[in-house]
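Novice: Just passing along the structure, written as structure tokens.
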Amino acid sequence: MTALMHGVHGNEISSSGAAMAEAYHLLAAQGDPAVELILRESIVLIDPVENPDGRARFVQHTTSSRARWPSQESYSAEHDEPWPGGRTNHYLFDLNRDLFIQSQPETRGKVRVFLDFRPHVVADLHEMGGNSTYFFPPTAPPENPWYGERQIALMDVFGRANAAAFDRRGFAYFNRDVYDLFYPGYVDMWPMNHGALGMTYEQASARALVLRKDDGDVMTYGDGVLHHFTAAITTAETAARNRERILRDYLAYRRDGIEMGRSGVSEYVLHSAHDPAMARRLAQMLVRNGIEVREAAGPVSVGDRELPAAGTYIVPMDRPTHQMARNLLDAHVPMDEEFVQRQIERRARRERDEIYDLTAWSQTLLWDVELHRADRATGRAGSEIDPAELSPLTGPLDPAQGPITAPEGTSSTLPEAAVGYLLPWGTAAASAVIEAMHAGVRIRAAGEEFTLLGRSYPVGTAIVRISENDSDLRSVLGAIAERHGAEVVPIDDSYVSEGASLGANSVRALLAPRVLLVYGEPGSSYSVGWARYVLEQRYGQPTVAVRASSLGRADLSEFDVLVFPSGNYAGAVGEGLVEQILDWVSNGGTVVTMANSTSWAARSGLLSATAERRGGRAAGDDPESDDTPEQPIEYLEEIVPDDEPPESVPGAILRVMLDTEHWLSSGTDGEIGALVEGARVFSPMTLDDGTNVGRYAALEDLVLSGIVWEEARPQLASKAFLMHEPRGSGQIIAFAEDPNYRAYAEATQLLFINAVVLGPGR
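Residue numbers for the sequence shown follow the numbering used here, beginning at 36 and rising by one.
As structure tokens, this is what we get:
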């Protein structure tokens, strides 16, 4: 089976036009030898529009801004998309990087089709910059080591066939450049984890109906459609001609996976003691990717550890999905050493590296779930998690439907309690508490650890008293907790043997937060979408999106939390508005910044933090000068610029140490992995300004996974990741990176939710 995928980026429209031509040609070209071969030897699956939201947004833009005659100029209105552009879907996600996390419904539907039909060849048709030509594989280095040699060899077969077809028609093309084969989460790369052959095709984009390139050539939308059509039909024909080889290679890849598990690590064991719901959610994510996962049937012995059954899941590794499980779960996926060395040499010449996307994506690290390897079967693999019984990825709350109540006549799953209920804080408790608060349940949160009836409870534990709630509390809270998989502990005695009492001053009342999300330019559309998704869909927290340009007109007194997604807001939020925001904070407001908005907050005076330049200097500091010009210069030192941003990190996972006594770290075990991408470094806050709730680990323990250049490591070590600055009755909470990046990292997302839910009222 050949799958031809089109338009995962909504503004890359020539691919969807080609899809219509492909379908028509395969149905109508009776007597065409190539078509007859394709239909006789294969099945062709065509997805014409992978991203209908983005395409509709782009089409509306270009048709409404086009004049009577289409313009060829790249700077004309029809080529100049307004924020957020048509690349992304409704929640502003890049659907070509969502394949294994499957946060978006478009992706979940696509993966279900892939798993149902099991295509052997997948071509994903894209567009690139208008001054390029056409790309098809073979790809540029590096290659993901979990893809097979047979798959790589097949790429050359398809590349030669496409080259011949393009040469016959006089179409220019390139390969072995720009587009690599390393990151496993693309539409075309995801099937390769299952043994298929995946390929990206890239057509130079007219980004409207017609474009004049820099060299004077004129390219039309129709040109792009024709080029994509040619590559797609050639791909289907090549697959049909090589049917037996493709099937053999597909089967061999999957058999290789079984053999790897038999001869190496037998089982992967996933466990989370501090948040069992996190481990279950990760297990369900793996199942959605076609990986078999089993619940532990009892305590599991791995090495010198005995893991309880609760929060423990077993991944049998003698399965056809062995390579995919390794790709997603291993702490590190090695990158070709020669390629890495070449990047080091390029950087020494001040050339950009050739790394196309992330260098790390380990789901166990990003979800803060332990991974244990068992050389022999543990004998504790219980029932398999059934894909048909997976819980929904998003919260069930719909505020438009009013308060949530248990269905009339149903009995609660919760035992009766004389005093109330405790929910140890974590991902499931957080989403359950948000829903419960919107349902009218009164909840408090512990500000310190405590021990009750022999069990220790962490900071952030939710406290629900019978005396403070309605008579239907048991049924309402029981229904909510069951939906979210949250642990609820009934208590008949509130006497605390250690730590703060349940009535202590450190126990704070929680209120359903009123959240304003700053929307639109100059914010990153990705960051806006990630934050909105995590709040609304992942945790069920309603938001009000207000454009940055309208923020000055908003009545901030109507809100508890103000979230600035990543972006430089200097042009949209002036000094006067910064002062208004600080006044609002002093009166109890909570501001949350992340990544580039934290850099802006530090520069604008909103945050008492220092964004460093390269070498650790603060922005604006003059470099040390030598007033003795008669001394001989060191040439290599002399040509280094005086003021540069820190060394950039190409998407790696760094170890972050958390202050477990601070409420912002609630639900964690004190150490997480954070995805770091870019060139942001913040000096630790001084004690008189605030608290460094999260900091990067020391140099020797800093890197958990991925590529971090040696020059970058010393400046990052022990620097601030999560900062908390009290201001009057309110606070500023700042992340050095985006905690919601691509919705990948459950661990840092929980920190973000802590800021939004546990912050107001402190």
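Built from N, CA and C at the ideal position, the CB exists for glycine as well. On a predicted model such as this, the values are computed, not experimentally measured, just so you know.
Can you tell me the Cα-Cα spacing of Asp410 and Arg479, whole angstroms?
Specialist: When rounded, the distance between both Cα atoms is 45 Å.
Novice: Which runs of the beta strand (DSSP E), 3 residues or longer, sit entirely within the stretch 340-367?
Specialist: You should have 340-342, 347-351.
Novice: When DSSP labels each residue in this structure, what does Thr270 get in the three-state scheme?
Specialist: In the structure shown, Thr270 sits in a helix (DSSP, three-state: H, G or I).
Novice: Cβ of Thr399 within 9 Å of Cβ of Leu406?
Specialist: Against a cut-off of 9 Å, the Cβ pair of Leu406 and Thr399 comes out as a contact.
Novice: In this structure, how does DSSP classify Arg797 when only helix, strand and coil are distinguished?
Specialist: Here Arg797 sits in coil by DSSP.
Novice: Name the two residues that bound the continuous alpha helix (DSSP H) containing Ser536.
Specialist: Per DSSP, Ser536 belongs to no alpha helix (DSSP H) and is neither H nor E.
Novice: Going by CA-CA distance only, name the one from Leu537, Phe787, Ala38 that's closest to Val466.
Specialist: Checking the displayed sequence, the identity of residue 466 turns out to be Ser instead of Val. The candidate whose alpha carbon is nearest that of Ser466 is Phe787.
Novice: Under 8 Å, with one C-beta from each stretch per pair, do the stretch 143-154 and the stretch 169-188 reach the 3-pair mark?
Specialist: Judged by Cβ distances under 8 Å, the stretch 143-154 makes no contact with the stretch 169-188, as fewer than three pairs qualify.
Novice: Would you tell me roughly how many angstroms separate the C-alpha atoms of Arg490 and Tyr530, rounded to the nearest one?
Specialist: Between Arg490 and Tyr530, the C-alpha separation is close to 12 Å.
Novice: Output the distance between the C-alpha atoms of Arg289 and Val350, rounded to the nearest integer angstrom.
Specialist: About 16 Å.
Novice: Going straight from the alpha carbon of Gly495 to that of Ser560, what length do you get?
Specialist: In a straight line, the C-alpha of Gly495 is about 31 Å away from that of Ser560.
Novice: What residues in its chain sit with their C-beta under 6 Å from that of Val157, if we drop five residues either side in the sequence?
Specialist: For Val157, where only same-chain residues beyond five positions count, the Cβ hits under 6 Å are Ala38, Asp223, Pro226, Ala231, Gly233.
Novice: In its own chain, which residues sit with a C-beta less than 8 Å from the C-beta of Ile379, not counting the 5 before and 5 after it?
Specialist: Closer than 8 Å at Cβ, skipping near neighbours: Trp744.
Novice: Looking at the structure shown, is Ala607 part of a helix, part of a strand, or coil, going by DSSP?
Specialist: Correct three-state label for Ala607: coil.
Novice: What does DSSP give as the partner residues of His407 in its beta bridges?
Specialist: DSSP, once it has assigned bridges, lists Val304 as partnering His407.
Novice: Return the first residue and the last residue of the alpha helix (DSSP H) that Leu74 is part of.
Specialist: Residues 68-76.
Novice: Ser298: buried (16+ other C-beta within 10 angstroms of its C-beta) or exposed?
Specialist: When all chains shown are included, Ser298 counts as exposed.
Novice: Could you tell me whether the stretch 741-757 touches the stretch 681-691, using the rule of 3 or more Cβ pairs below 8 Å?
Specialist: Yes: at least three Cβ pairs fall under 8 Å.
Novice: Is the stretch 306-321 in contact with the stretch 277-289, if contact means three or more CB pairs nearer than 8 Å?
Specialist: Touching, no.
Novice: In angstroms with no decimal places, state the Cα-to-Cα distance between Ser639 and Glu517.
Specialist: Distance between the alpha carbons of Ser639 and Glu517: 45 Å.
Novice: Looking only at its chain, what residues have a beta carbon closer than 6 Å to the beta carbon of Gly705, apart from the 5 residues adjacent to it on each side?
Specialist: Correct list, in chain order: Leu693, Thr695.
Novice: Give the single residue among Ile268, His155, Phe206 whose Cα lies nearest to the Cα of Arg283.
Specialist: If we check each option's Cα against that of Arg283, His155 comes out closest.
Novice: Name the DSSP beta bridge partners of Ser27, please?
Specialist: Coverage of the chain is limited to positions 36 through 797, which leaves residue 27 absent and any answer about it impossible.
Novice: Would you tell me roughly how many angstroms separate the C-alpha atoms of Glu533 and Phe485, rounded to the nearest one?
Specialist: C-alpha separation (whole angstroms): 5 Å.
Novice: Fully enclosed by the stretch 44-127, which alpha helix (DSSP H) runs are 4 residues long or longer?
Specialist: Complete alpha helix (DSSP H) runs here, min 4: 49-63, 68-76, 87-100.
Novice: What's the gap between the Cα of Leu432 and the Cα of Gly741?
Specialist: Its pLDDT being 46, under 50, Leu432 is placed unreliably in this model, and the value from its coordinates should be taken loosely. C-alpha separation (whole angstroms): 37 Å.
Novice: Could you check which residue in Ala605, Pro600, Val476 has the C-alpha nearest to that of Leu545?
Specialist: Among Ala605, Pro600, Val476, the Cα nearest to that of Leu545 is on Val476.
Novice: Could you tell me whether the stretch 157-177 touches the stretch 588-598, using the rule of 3 or more Cβ pairs below 8 Å?
Specialist: In short, these stretches do not touch, since the Cβ pair count stays below three.
Novice: According to DSSP, is Glu279 helix, strand or coil?
Specialist: Glu279: helix per DSSP, three-state reduction.
Novice: If we call anything under 9 Å between Cβ atoms a contact, is Tyr236 one with His263?
Specialist: Yes, the pair counts as a contact, with Cβ atoms nearer than the cut-off.
Novice: Using CA atoms only, rank isn't needed, just tell me which of Glu330, Ala332, Gly325 is closest to Ala360.
Specialist: Of Glu330, Ala332, Gly325, the residue nearest in Cα terms is Gly325.
Novice: Let me check understanding here. Comparing Cα to Cα, which of Leu342, Lys754, Thr269 lies closest to Tyr303?
Specialist: Nearest of Leu342, Lys754, Thr269 to Tyr303, Cα basis: Leu342.
Novice: Out of curiosity, what's the CA-to-CA distance linking Arg203 and Asp67?
Specialist: Cα to Cα, the separation comes out at about 18 Å.
Novice: With C-beta atoms as the reference, is Leu368 less than 9 Å away from Phe594?
Specialist: Here residue 368 is Val; the residue named in the question, Leu, does not match the sequence. No, the pair does not count as a contact, with Cβ atoms beyond the cut-off.
Novice: Where in the stretch 510-596 do unbroken runs of the beta strand (DSSP E), each at least 3 residues long, occur, reported from the N-terminal end onward?
Specialist: 524-526, 531-534, 543-545, 550-554, 578-582, all fully within the stretch 510-596.
Novice: Ala535 to Ala481, Cα distance in whole Å?
Specialist: Each residue's Cα considered, the two are about 8 Å apart.
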